[in-house]
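For reference, the structure discussed in these notes is given below.
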Amino acid sequence: MSPYRLVYGKACHLPVELEHRAYWAIKQLNFSLDKAGIQRKLQLNELEEIRNDAYNCGKRYKDQMKKIHDKNILRKSFFSGQKVFLYNSRLHLFPGKLRSRWSGPFLIRTIFPHGAVEIENPKNSDVFKVNGQRLKPFLELRAPEVEDILLEDPVYQD
Numbered sequence: 003m004s005p006y007r008l009v010y011g012k013a014c015h016l017p018v019e020l021e022h023r024a025y026w027a028i029k030q031l032n033f034s035l036d037k038a039g040i041q042r043k044l045q046l047n048e049l050e051e052i053r054n055d056a057y058n059c060g061k062r063y064k065d066q067m068k069k070i071h072d073k074n075i076l077r078k079s080f081f082s083g084q085k086v087f088l089y090n091s092r093l094h095l096f097p098g099k100l101r102s103r104w105s106g107p108f109l110i111r112t113i114f115p116h117g118a119v120e121i122e123n124p125k126n127s128d129v130f131k132v133n134g135q136r137l138k139p140f141l142e143l144r145a146p147e148v149e150d151i152l153l154e155d156p157v158y159q160d
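Last residue of the sequence shown: number 160 in the working numbering, and the count goes up by one each step with no gaps.
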């Protein structure tokens, strides 16, 4: 029994012994370079398969998210003479909590291909082109029809 074991109650492992054991293990594992080369090629092929699977999963996920997103997009169709609101993006810089970011109503004069729209301000007859994505239809509230109901005392028949 060594003095180290008597004092500390466990065996002493010197770094030289550990280094020799590690060298011996490496020598045993890499004894055949051909087998080690074949094993390495298999590992590289497996890694390539894992990468391809991850790429395919990511692509499938993106396609599904695109379908879901595109399903929720509402296509806006405008016609000439329609009243619309215009989105004012500059109000993002100076936000007001209760201030509306939509201005208008404006009248549509011309609809160009690829989403451009020419609108006119009815207050001062200014005409300018905007992106159709910045417009939303103006819904005019009509006064509800009033129905007259005469309230009379009921007449009971015996």
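Built from N, CA and C at the ideal position, the CB exists for glycine as well.
Quiz item: Can you round the beta-carbon distance between P107 and V129 to whole angstroms, since I take them to be within the 8 Å contact cut?
Solution: Taking the first residue of the sequence shown as 1, we reach residue 107 at position 105. Taking the first residue of the sequence shown as 1, we reach residue 129 at position 127. About 15 Å separates the two Cβ atoms, so there is no contact after all.
Quiz item: Closest to L109 by CA distance: which of L88, P115, R101 and H116 is it?
Solution: Counting from one through the sequence shown, the residue named residue 109 turns up at place 107. When only C-alpha atoms are compared, the closest one is L88.
Self-check item: E122 in three-state terms, based on DSSP
Solution: As a first step, residue 122 is located in the sequence shown; it is residue number 120 there, counting from the start. Reduced to three states, the DSSP call for E122 is strand.
Self-check item: Residue from K73, K138, V148 and V157 whose Cα sits closest to the Cα of R103
Solution: Residue mapping note: residue 103 aligns to position 101 of the sequence shown, counting from 1. Comparing Cα positions, the closest option is K138.
Quiz item: Do V148 and V132 have their CB atoms nearer than 8 Å?
Solution: As a position in the sequence shown, residue 148 is number 146, starting the count at 1. As a position in the sequence shown, residue 132 is number 130, starting the count at 1. Contact: no.
Quiz item: What are the residues that DSSP puts in a beta bridge with F81?
Solution: Locating residue 81 in the sequence shown gives position 79, where the first residue counts as 1. F81 pairs with nothing; no bridge assigned.
Self-check item: Three-state class that DSSP yields for K1 in the structure shown
Solution: Since the first residue shown for the chain is 3 and the last is 160, residue 1 is missing from the structure and cannot be characterised.
Quiz item: What are the residues that DSSP puts in a beta bridge with S105?
Solution: Within the sequence shown, residue 105 is the residue found at index 103, counting from 1. Per DSSP, L88.
Exercise. Hey, could you find the ends of the beta strand (DSSP E) F130 is sitting in?
Key: Indexing the sequence shown from 1 puts residue 130 at position 128. Run containing F130: V129 to N133, per the beta strand (DSSP E) assignment.
Quiz prompt | Where R111 sits in the DSSP three-state scheme | solution = Residue mapping note: residue 111 aligns to position 109 of the sequence shown, counting from 1. Of the three classes helix, strand and coil, the one that applies to R111 here is strand, per DSSP.
Quiz item: Name the DSSP bridge partner or partners of K138?
Solution: As a working mapping, residue 138 is identified with position 136 in the sequence shown. According to DSSP, K138 bridges with F87.
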